[in-house]
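Undergrad: Got a structure here, written out as structure tokens. Questions coming.
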Amino acid sequence: MKMHRNFDVKTIIRRTVATLTVGAALFSVSACGAKSADKTEKKTDTSQKTTAKDPLTVVASVNQWGSLAQEIGGDHVKVTSIINSSNVEAHDYEPSTAEIAQLTAANIAVVNGGHYDEWATKALSSAKSVQSVNAASIIGASESDNPHLWFSSDARKAVAESLKKTYAQLLPASKDYFQKQYDAWLKSETELDNTMNEFKNKYADTPYAATESVAYYLYSDLGLKDVTPEGYANASANESEPTAADLQAFQSIIEGHQIKFLVNNPQESSDATNMLTGTAGKSDIPVVNITEQIPSQYTTLHAWIKALVENLTATLDTGVNPDTTVYEQSEHSDHDHDHD
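Sequence positions in the sequence shown follow mature numbering (1 follows the signal peptide of the UniProt record, and there is no 0) and run -33 to -1, 1 to 307.
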């Protein structure tokens, strides 16, 4: 995995808009002569997009985005998530030939992008007939940005809108249906925003540290302060071993109670992370385990994130993580799952 930077998604979007504005100004002069050809190409593309059968076949690389794809598509989509278990590490996943065939035969493929699920984006690069909804591309995230985009409210909203538009292009007769599904989803997202704002009003700037930056966007939206030592954070993002000095600095902030809780990603376990969670346990610092994929007991991305926020609220209220089951990894190791 390539090293990534932790910027909030609003910053990423602003950066992208600025780049596009400059690019558009430079491109406008040379583009004048190509307008008629561009219009012809777009017309051809649109005609191809309206030939899909109902329900649409949608394949997502991971269940975080598969869940969202199902909510927006409802009865007019059949969604399969290739990685549907939190026992599977998505970064280094090696898909089967059948899974690649399934992905490249879909009407729509939903991927995270960036450097998160490169096995999927690589397969789709030569599958020209598949409509691709790429979360990183939609918001303008680069391969050096934190890839855990499903935890960002801005990214979720952008992907949901893209799904709505893509579905409507392929099934124009169901455009109003997809709009209603999107509106219902957006209402749920707003309710989640309200829950998060209540948390933020109470716990803004609470310091935490993370053994891996899985929840950075979520905690940024919650107004929390990431004080993970820079040396350790850089090593973790670059998938290299932290130095003894990095680990000592991390242990120091835990033992000195400079953080209120420690975030741990069970899917990225190592001797270093085990040592740090052990230090937290001995220091009475709550450990919050967060996986990347949605655990099996949750059917939607919203339900899972809401449970994470509510559990973190209880953890900070009491100083003890009261319900570790909300973070437990799924006991299922199956990769394919249909959302009915």
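No residue lacks a Cβ here, since even glycine has one placed at the ideal position from N, Cα and C. Just so it is clear, the structure is predicted and the values come from calculations on it, not from any experiment.
Check whether the region 162 to 169 and the region 188 to 204 are in contact - that is, three or more C-beta pairs closer than 8 Å.
TA: yes
Undergrad: Give me whichever residues DSSP pairs with L23 in a beta bridge.
TA: The sequence position of residue 23 within the sequence shown is 56, counting from 1. Looking at the DSSP assignment, L23 forms a beta bridge with V44.
Undergrad: Is the Cβ-Cβ distance between G40 and Q148 less than 8 Å?
TA: Here residue 40 is taken as the residue at index 73 of the sequence shown, counted from 1. Here residue 148 is taken as the residue at index 181 of the sequence shown, counted from 1. Yes, the pair counts as a contact, with Cβ atoms nearer than the cut-off.
Undergrad: Can you have a look at K81 and say buried or exposed, based on whether 16 or more other CB atoms are within 10 angstroms of its CB?
TA: Within the sequence shown, residue 81 is the residue found at index 114, counting from 1. It is Gly, not Lys, that sits at residue 81 in the sequence shown. By the neighbour-count criterion, in which 16 or more other beta carbons inside 10 Å mark a residue as buried, G81 falls on the buried side.
Undergrad: Measuring alpha carbon to alpha carbon, tell me which residue in Y199, A247, D21, V55 is nearest N30.
TA: Taking the sequence shown and counting its residues from 1, the one referred to as residue 30 is at position 63. The candidate whose alpha carbon is nearest that of N30 is V55.
Undergrad: To the nearest whole angstrom, what separates the beta carbons of A73 and A102, a pair I think is in contact under 8 Å?
TA: Within the sequence shown, the letter at position 106 stands for residue 73. Within the sequence shown, the letter at position 135 stands for residue 102. Contact flag wrong, Cβ pair sits at about 16 Å.
Undergrad: Kindly list the residues whose CB is nearer than 8 Å to the CB of S129, restricted to its own chain and excluding five residues on each side of it in sequence; keep chain order.
TA: For the purposes of this step, residue 129 is identified with residue 162 of the sequence shown, where counting begins at 1. These residues qualify, in order along the chain: V100, I105.
Undergrad: Would DSSP call D284 helix, strand or coil?
TA: The residue you call residue 284 lines up with position 317 of the sequence shown. Three-state DSSP puts D284 in a helix.
Undergrad: Taking only three categories from DSSP, how would you classify Y175?
TA: Position 208 of the sequence shown, counting from 1, holds the residue named residue 175. If DSSP states are grouped into helix, strand and coil, Y175 belongs with the strands.
Undergrad: Which one of L35, K95, E235 has the shortest CA to CA distance from A204?
TA: Taking the sequence shown and counting its residues from 1, the one referred to as residue 204 is at position 237. Here the closest residue by C-alpha is E235.
Undergrad: Below 8 Å on the Cβ atoms is my contact criterion, and I expect T178 with N231 to pass it. Report the Cβ-Cβ distance as a whole number of Å.
TA: The count along the sequence shown starts at 1 and reaches residue 178 at position 211. The count along the sequence shown starts at 1 and reaches residue 231 at position 264. 5 Å between Cβ atoms; contact.
Undergrad: With respect to the alpha helix (DSSP H) encompassing S109, which residues constitute its N-terminal and C-terminal limits?
TA: For the purposes of this step, residue 109 is taken as the residue at position 142 of the sequence shown. No alpha helix (DSSP H) contains S109, which DSSP labels as neither H nor E.
Undergrad: Determine the direct distance from the alpha carbon of S180 to that of T47, and round the result to whole angstroms.
TA: Counting from one through the sequence shown, the residue named residue 47 turns up at place 80. Counting from one through the sequence shown, the residue named residue 180 turns up at place 213. Answer to the nearest angstrom: the Cα atoms are 27 Å apart.
Undergrad: Anyone know if the C-beta pair for T195 and L283 falls short of 8 Å?
TA: As a first step, residue 195 must be located in the sequence shown, where it is residue number 228. As a first step, residue 283 must be located in the sequence shown, where it is residue number 316. No, these two residues do not count as a Cβ contact at 8 Å.
Undergrad: From what residue to what residue does the beta strand (DSSP E) around I75 run?
TA: On the sequence shown, position 108 is the one that residue 75 refers to. Where I75 is concerned, the enclosing beta strand (DSSP E) stretches over 75 to 78.
Undergrad: In whole angstroms, what is the alpha-carbon distance linking residue 308 and M163?
TA: Residue 308 is absent from the model: the chain starts at -33 and stops at 307.
Undergrad: For the alpha helix (DSSP H) that residue 308 lies in, which residues bound it at each end?
TA: No statement about residue 308 is possible, as the shown extent of the chain runs from -33 to 307 and does not include it.
Undergrad: Is L191 helix, strand or coil by DSSP?
TA: The sequence position of residue 191 within the sequence shown is 224, counting from 1. Coil at L191, not helix or strand.
Undergrad: Quick one: what does DSSP say P289 is sitting in, helix, strand or coil?
TA: Your numbering for residue 289 matches position 322 in the sequence shown. Reduced to three states, the DSSP call for P289 is coil.
Undergrad: Here's the rule: buried if 16 or more other CB atoms are within 10 angstroms of the residue's CB, otherwise exposed. What is D150?
TA: Working through the sequence shown from its first residue, we reach residue 150 at position 183. Per the 10 Å Cβ criterion, exposed.
Undergrad: Suppose you measure from the CA of I220 to the CA of T258; what does that come to, to the nearest Å?
TA: To locate residue 220, count along the sequence shown from 1; it is residue 253. To locate residue 258, count along the sequence shown from 1; it is residue 291. Near 23 Å, if we compare the C-alpha coordinates of T258 and I220.
Undergrad: Give the straight-line distance between the Cα atoms of S300 and W117, rounded to the nearest whole angstrom.
TA: Counting from one through the sequence shown, the residue named residue 300 turns up at place 333. Counting from one through the sequence shown, the residue named residue 117 turns up at place 150. The predicted position of S300 is uncertain, since its pLDDT is 37 and thus under 50; a value taken from the coordinates is nonetheless stated next. Taking the straight line from one Cα to the other gives about 21 Å.
Undergrad: H78 and D84: beta carbons closer than 8 Å?
TA: For this step, residue 78 is matched to residue 111 along the sequence shown. For this step, residue 84 is matched to residue 117 along the sequence shown. In the sequence under discussion, the amino acid at residue 78 is Val, which differs from the His named in the question. Yes, Cβ-Cβ distance for V78 and D84 is below 8 Å.
Undergrad: Does K154 pass the burial test, meaning 16 or more other C-beta atoms within 10 Å, or should it be called exposed?
TA: As a working mapping, residue 154 is identified with position 187 in the sequence shown. Its Cβ having fewer than 16 others within 10 Å, K154 is exposed.
Undergrad: Could you check how far apart the C-beta atoms of T64 and A94 are, in whole angstroms? I think they sit under 8 Å.
TA: Indexing the sequence shown from 1 puts residue 64 at position 97. Indexing the sequence shown from 1 puts residue 94 at position 127. Actually they are not in contact, since the Cβ atoms of T64 and A94 sit about 14 Å apart, beyond 8 Å.
Undergrad: Straight-line CA distance for Y183 to L279?
TA: As a working note, residue 183 is residue 216 in the sequence shown. As a working note, residue 279 is residue 312 in the sequence shown. Whole-angstrom Cα-Cα distance: 14 Å.
Undergrad: For P233, count the other beta carbons within 10 Å of its own beta carbon; 16 or more makes it buried, fewer makes it exposed. Which is it?
TA: Reading the sequence shown from its first residue, position 266 is the one you call residue 233. Counting Cβ neighbours within 10 Å, P233 comes out buried, since at least 16 surround it.
Undergrad: Report the residue from A211, P209, D251 whose alpha carbon sits nearest the alpha carbon of L229.
TA: Here residue 229 refers to the residue found at position 262 of the sequence shown. Closest option to L229, Cα to Cα, is D251.
Undergrad: Indicate whether at least one CB of chain B lies closer than 8 Å to the CB of L116.
TA: Looking for chain B here will not work: only one protein chain is present.
Undergrad: Name the one or two DSSP bridge partners that F228 has.
TA: Residue mapping note: residue 228 aligns to position 261 of the sequence shown, counting from 1. F228 is bridged to Y175.
Undergrad: Taking the runs of the alpha helix (DSSP H) that are 4 residues or longer, which of them lie wholly in the region 192 to 276?
TA: Inside the region 192 to 276, DSSP marks whole alpha helix (DSSP H) runs of 4 or more residues at positions 197 to 204, 211 to 222, 238 to 249, from first to last along the chain.
Undergrad: From which residue to which residue does the alpha helix (DSSP H) around S129 run?
TA: The count along the sequence shown starts at 1 and reaches residue 129 at position 162. Per DSSP, S129 belongs to the alpha helix (DSSP H) from 120 to 137.
Undergrad: Do you know how far the Cα of Q218 is from the Cα of V287?
TA: Counting from one through the sequence shown, the residue named residue 287 turns up at place 320. Counting from one through the sequence shown, the residue named residue 218 turns up at place 251. Approximately 19 Å, taken between the alpha carbons.
Undergrad: Among the candidates K132, T24, A274, I75, whose CA atom is the shortest distance from the CA of L185?
TA: Here the question's residue 185 lines up with position 218 in the sequence shown. Distances from the alpha-carbon of L185 to those of K132, T24, A274, I75 put A274 closest.
Undergrad: With V101 as the anchor, note down where its beta strand (DSSP E) starts and where it stops.
TA: Against the sequence shown, residue 101 aligns to sequence position 134. A small correction: the amino acid at residue 101 is Asn; Val does not occupy that position in the sequence shown. For N101, the enclosing beta strand (DSSP E) covers residues 98 to 101.
Undergrad: Hey, how far is the Cα of G(-1) from the Cα of V255?
TA: What you label residue -1 is simply residue 33 of the sequence shown in a count that begins at 1. What you label residue 255 is simply residue 288 of the sequence shown in a count that begins at 1. Note that G(-1) scores a pLDDT of 43, beneath 50, so its modelled location is shaky and nothing firm can be said.
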